[in-house]
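Novice: Numbering (our numbering), first residue to last: 9 to 119.
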């Protein structure tokens, strides 16, 4: 009887350990998620202007994965969480080039 109880306790401890590890890994992964920015203008000449982007989906129609002229959604690292950081990101990563920013967009749309 004591052997069965010990096996049951060991199994329970193992199960809790595995479950705790799974929860910890999920939380760790969520800490490094990207931000998503949305282009909120119809002007193809202002794609590199950070004030034309928002972190709130404006619900513009026509966003798709097709090779369209305007960006719709742009993923950035987690730390790019305001327009000033986005402007720096545009400068550092894309050399402030509108076509490079558009190419990096996960979805695009027509003006």
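Ideal Cβ positions, reconstructed from N, Cα and C, are used throughout, including at glycine.
Here the structure is a predicted model, which is why all the values come from computation and not from measurement.
#1: Using only the alpha-carbon positions, how far apart do residue 64 and residue 45 sit?
#2: Across which residues does DSSP place residue 72 in a beta bridge pair?
#3: Considering Cα atoms alone, identify which of 42, 105, 52, 112 is closest to residue 77.
#4: Leaving out the 5 sequence neighbours to the left and right, which residues in its chain are closer than 7 Å to residue 93 when beta-carbon positions are compared?
#5: Is the CB of residue 54 under 7 Å away from at least one CB in chain C?
#6: Give me the Cβ distance between residue 60 and residue 104, rounded to the nearest whole Å; I'm assuming they're in contact under 8 Å.
Specialist: To lay it out plainly:
#1: Along the chain shown, read from residue 1 onward, the residue named residue 64 stands at position 56. Along the chain shown, read from residue 1 onward, the residue named residue 45 stands at position 37. Their backbone Cα atoms lie some 7 Å apart in a straight line.
#2: In the chain shown, residue 72 corresponds to position 64, counting from 1. According to DSSP, which records beta bridges pairwise, residue 72 is partnered with 116.
#3: In the chain shown, the residue the question calls residue 77 occupies position 69. Closest option to residue 77, Cα to Cα, is 52.
#4: Translated into positions along the chain shown, residue 93 becomes position 85. Same-chain partners within the cutoff: 87.
#5: No chain C appears in this structure, which consists of one protein chain only.
#6: In the chain shown, residue 60 corresponds to position 52, counting from 1. In the chain shown, residue 104 corresponds to position 96, counting from 1. In fact, because the Cβ distance is near 13 Å, the residues do not count as touching under 8 Å.
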